[in-house]
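Numbered according to the working numbering, the sequence shown spans residues 598 to 772.
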Amino acid sequence: CSVCGNLKRYYMNKSAKELGFSVIATGHNLDDESATLMGNVLSWNLGYLQRQYPVLKEGNGFVKKVKPLCLITEKESALYALLSNIDFVEEECPYSVDASSIEQKLLLSQIEEKSPGTKLRFYIEFLRKVQPLLRREEKLELKPCSICGEPTSADVCSVCKLKQRLTLSEKGQGS
598 CSVCGNLKRY YMNKSAKELG FSVIATGHNL DDESATLMGN VLSWNLGYLQ
648 RQYPVLKEGN GFVKKVKPLC LITEKESALY ALLSNIDFVE EECPYSVDAS
698 SIEQKLLLSQ IEEKSPGTKL RFYIEFLRKV QPLLRREEKL ELKPCSICGE
748 PTSADVCSVC KLKQRLTLSE KGQGS
């Protein structure tokens with residue numbers, strides 16, 4: 598999931614800038630956000646927790662990002678799409694079979710069955726009580742990637758590193 602996520606974010610941001618869009622709206626829903634939050638809390642990934650917010654301001658080479666469906670469950674979103682005749686992808690990624698995010702979604706759904714409103718409370722209370730504390734912390738300094746110019750905290754962004762590894766692998770020099 599990490600590789601696909603990096604590629605997706607990289608190309609969405611790059612394409613938005615090239616096409617002159619000032620905002621990227623994603624379809625992340627409450628199930629996605631609460632499972633991501635659970636994973637980030639379990640690993641205490643403070644950098645990810647700082648950036649887990651429904652609106653991320655433009656800056657450091659990134660266009661503004663919004664998650665307008667973050668308080669709506671996956672089921673509610675799918676039902677709306679069905680009733681409105683909006684096509685949507687139902688299949689899960691074939692590579693996500695053992696992904697921890699899938700397990701976290703299932704676990705939260707089991708808790709939700711026994712205690713309705715848990716996902717919403719978990720996410721809302723994080724935004725209300727924890728996010729303000731995290732946002733006060735020092736922000737990560739980003740700079741342009743030395744290869745492609747997209748924002749990164751390293752000299753070379755993760756996508757360019759991946760491309761370099763693939764090129765070496767194709768030439769028979771990779772591990």
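By construction, the Cβ of each residue, glycine as well, lies at the ideal position given by its N, Cα and C atoms.
Quick caveat, the model's predicted, so the values are computed rather than measured.
The criterion of a C-beta distance shorter than 7 Å is satisfied by residue 637 and residue 646. Taking a 10 Å sphere around the C-beta of residue 755, we find 16 or more other C-beta atoms and assign the residue as buried.
Under the DSSP definition of a beta bridge, residue 656 partners with 659. Only residues of its own chain outside the window of five on either side were considered, and among them 752, 753 have a CB closer than 7 Å to the CB of residue 743, listed in chain order. Burial state of residue 764 is exposed, judged by a 10 Å Cβ sphere holding fewer than 16 other Cβ atoms.
Taking C-beta atoms under 8 Å as the contact rule, residue 623 and residue 649 fail to qualify, at a distance of about 13 Å. Cβ contact annotation for residue 600 (same chain, cutoff 7 Å, sequence separation greater than five): 759, in chain order. Taking 7 Å as the cut-off, the Cβ atoms of residue 663 and residue 652 count as close.
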